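Order-wise, the sequence lines are chains A and B. For any residue, its number in the numbering used here is found by taking its place in the first sequence, counting from 1, and adding 305. For any residue, its number in the numbering used here is found by taking its place in the second sequence, counting from 1, and adding 377. Beta carbons: idealized from backbone N, C-alpha and C, even for Gly. These figures come from a predicted structure and were not determined experimentally. Notes for the one structure printed next.
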Amino acid sequence: MVQIYVPKITRAVVKRDGTDVLIVMDNRKVLALPWDAALELARAITIQARRIEEQVKALSIVKDQALLMRSGAPFGLSSHPDILAEAKKEAIHNKELRKAIPFKGITSQEAVGRPTLIQHPPKKEVKNNGKK
Amino acid sequence: MANALYGLGRGHFLDGDIDWAADDIEMCFMDSADYTLNIDTDEDQVDLTDAGIVATSVTFLGGKSSTLGVADADDKTIATVSGDEFEYIVLFKDSGTDATSWLIACIDTATGLPCTPNGGDITVSWDAGANKIFKL
């Protein structure tokens with residue numbers, strides 16, 4: 306892993322130099338990367354930054370996710386199991402949320418047909434009057 | 378109440394306890410004066426009070442199919458029905474034991490219901506529409 310020590314940054318600039326991407330901090334070039342490597346680095350930075358954002362904003366994500374769960378929206382704002390578990394608890398137990406969005410359950414889509422009863426006349430008893 | 382599937386019966390479909398095509402399915406006529414329907418709590422044949430049963434098919438439904446979740450079968454006739462007026466047609470799985478003979482559907486809306494038996498045969502001709510007997 307490459308570590309860059311920057312004591313104090315007052316100004317950071319990202320610019321291009323031919324096919325390279327440069328990172329200039331306080332007028333000093335600290336990193337020059339080919340464009341494809343810069344893209345990879347940017348992706349990695351984005352992923353890590355989003356993970357951190359998820360942690361920092363965990364409480365608000367939990368509340369938003371609970372709202373979605375309560376309203377039955379079929380998507381998640383986070384894939385972090387702890388956040389989802391907490392959101393589930395919130396959706397179930399938060400009194401204000403429960404009052405605001407009462408759970409009506411899943412309505413069954415069953416359908417039962419309407420048959421027809423056909424009543425036949427009773428069979429007549431055959432009387433043989435003793436004849437064989 | 379409209380025609381409906383028993384709530385616990387739906388659960389037994391999901392749990393794999395009822396196989397419409399393979400299991401023995403029976404039908405009976407129920408008198409609402411002696412049987413109080415609880416569509417979400419009635420579960421098995423034990424819940425069908427003896428006094429409420431006007432007639433039972435005894436033999437099983439034939440020609441069953443379950444294509445696309447639509448349950449269908451041949452029309453069913455119960456011979457020489459007599460007794461009280463009945464308001465419900467109840468379908469259930471006959472496992473041979475009342476406590477595990479799961480109730481499936483209760484029909485209270487049908488042409489000819491309620492019906493006062495006259496001692497003759499009664500044929501139940503299932504709906505020919507999209508839902509047939511019922512659709513899950």
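Within 8 Å of any Cβ in chain A, is that where the Cβ of B/VAL501 sits? yes
Assigned exposure category for A/ARG333 - 16 Cβ within 10 Å defines buried: exposed
Could you give the distance in angstroms between the alpha-carbon of A/ALA342 and the alpha-carbon of A/LEU382? Whole-angstrom Cα-Cα distance: 30 Å.
Which one of A/ILE328, A/LYS313, A/LEU422, A/ARG375 has the shortest CA to CA distance from A/ASN399? A/ARG375
A/VAL417 - partner residues in DSSP beta bridges: B/PHE511
Quick check on DSSP: helix, strand or coil for B/THR477? helix
Against chain B, does A/LYS429 count as a neighbour if the rule is that its beta carbon must be under 8 Å from one of theirs? no
Segment limits, alpha helix (DSSP H) that includes A/PRO386: 386-398
Taking all protein chains shown into account, do 16 or more other C-beta atoms lie within 10 angstroms of the C-beta of A/PRO339, making it buried, or fewer, making it exposed? exposed
Report, in whole angstroms, the separation of the C-beta atoms of A/ASP325 and A/ALA317, which I expect to be a contact under 8 Å. At roughly 16 Å, the Cβ-Cβ gap does not stay under 8 Å, so A/ASP325 and A/ALA317 are not in contact.
Span separating the alpha-carbon of A/SER365 from that of A/LEU402: 14 Å
Does DSSP classify B/PHE406 as helix, strand or coil? strand
For B/LYS470 versus B/ILE455, is the C-beta distance shorter than 8 Å? Pairing B/LYS470 with B/ILE455 gives a Cβ-Cβ distance that is not under 8 Å.
Pairwise C-alpha distance: B/ASP396 and B/PHE390: If I take the Cα positions, the gap works out to 7 Å.
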